[in-house]
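Colleague:
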Amino acid sequence: MKVKINKDALGIGASIACAIHCAILPLFLSSFSLLGINIIHNKLFEYGMILFAFVVGLMALRHGFVQHHRSYVPFMLFSAGMLFLAAKQYWHSYELLLLPFAVILIVTAHVCNLKFKRVAEGHAASCSG
Numbered sequence: 803m804k805v806k807i808n809k810d811a812l813g814i815g816a817s818i819a820c821a822i823h824c825a826i827l828p829l830f831l832s833s834f835s836l837l838g839i840n841i842i843h844n845k846l847f848e849y850g851m852i853l854f855a856f857v858v859g860l861m862a863l864r865h866g867f868v869q870h871h872r873s874y875v876p877f878m879l880f881s882a883g884m885l886f887l888a889a890k891q892y893w894h895s896y897e898l899l900l901l902p903f904a905v906i907l908i909v910t911a912h913v914c915n916l917k918f919k920r921v922a923e924g925h926a927a928s929c930s931g
């Protein structure tokens, strides 16, 4: 039995996990510093989350582009979202302003990719029948 992973759903999940980490986690996990654990503004963790979202996003968007729709719109939205993520790493004082734009753009890229794939699959099914 072959398990099929929806890469767009994984990408949306990674984006939401990143948003939760960046926006909500500091409120609940500020006590970790008492234990010597610091994942809030930990550069290695932050860059790891961004890299994870980037790799998963590119895999999902590439699959949709190559196999289904050939539209650059999801890539443009995703790139803009990743730029906002990079900007939030550079300008920490604007993190809470930049983060929502990053998450919205990245999630929108995956949603567009899913919609374009469904439209392409529907078109292929109607043309073959």
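For the sequence shown, the numbering used here begins at 803 and goes up steadily by one. Quick reminder that beta carbons are idealized off the backbone N, C-alpha and C, glycines included.
Kindly list the residues whose CB is nearer than 7 Å to the CB of Thr910, restricted to its own chain and excluding five residues on each side of it in sequence; keep chain order.
Modeller: Here the set comprises Leu879.
Colleague: Along the chain, where does the alpha helix (DSSP H) that runs through Gln891 open and close?
Modeller: Val875 to Tyr892 is the extent of the alpha helix (DSSP H) around Gln891.
Colleague: Which of helix, strand or coil does DSSP assign to Arg872?
Modeller: Residue state, collapsed to three classes: coil.
Colleague: Output the boundary residues of the alpha helix (DSSP H) element that contains Ser817.
Modeller: Looking at the DSSP string, the run of the alpha helix (DSSP H) that includes Ser817 is Lys809 to Ala821.
Colleague: I need the DSSP call for His843, collapsed to helix, strand or coil.
Modeller: The answer is coil: DSSP assigns His843 none of H, G, I, E or B.
Colleague: Are the CB atoms of Ala816 and Leu901 within a distance shorter than 9 Å?
Modeller: Cβ distance not < 9 Å, so Leu901 and Ala816 don't count as in contact.
Colleague: What's the call for Phe886, buried or exposed, on a 16-neighbour Cβ count within 10 Å?
Modeller: Result: buried.
Colleague: Going by C-alpha distance, which of Lys890, Ala888, Ser881 and Phe918 is nearest Leu907?
Modeller: Answer by Cα proximity: Ser881.
Colleague: With 16 as the cutoff for other CB atoms within 10 Å, does Lys804 come out buried or exposed?
Modeller: Classification of Lys804: exposed, given that the 10 Å Cβ count is below 16.
Colleague: Taking the alpha carbon of Phe856 as the reference point, which residue from Phe877, Gln869, His871 and Arg872 has its own alpha carbon closest?
Modeller: Residue Phe877 is the option with its Cα nearest to Phe856.
Colleague: For Lys919, name the three-state secondary structure that DSSP assigns.
Modeller: In this structure, Lys919 counts as helix in the three-state DSSP scheme.
Colleague: In its own chain, which residues sit with a C-beta less than 6 Å from the C-beta of Gly883, not counting the 5 before and 5 after it?
Modeller: Closer than 6 Å at the Cβ level, and outside the excluded window around Gly883, lie Ala904, Leu907 and Ile908.
Colleague: Which same chain residues, not among the five before or five after His865, have their C-beta less than 7 Å away from its C-beta?
Modeller: Hits under 7 Å: Lys809.
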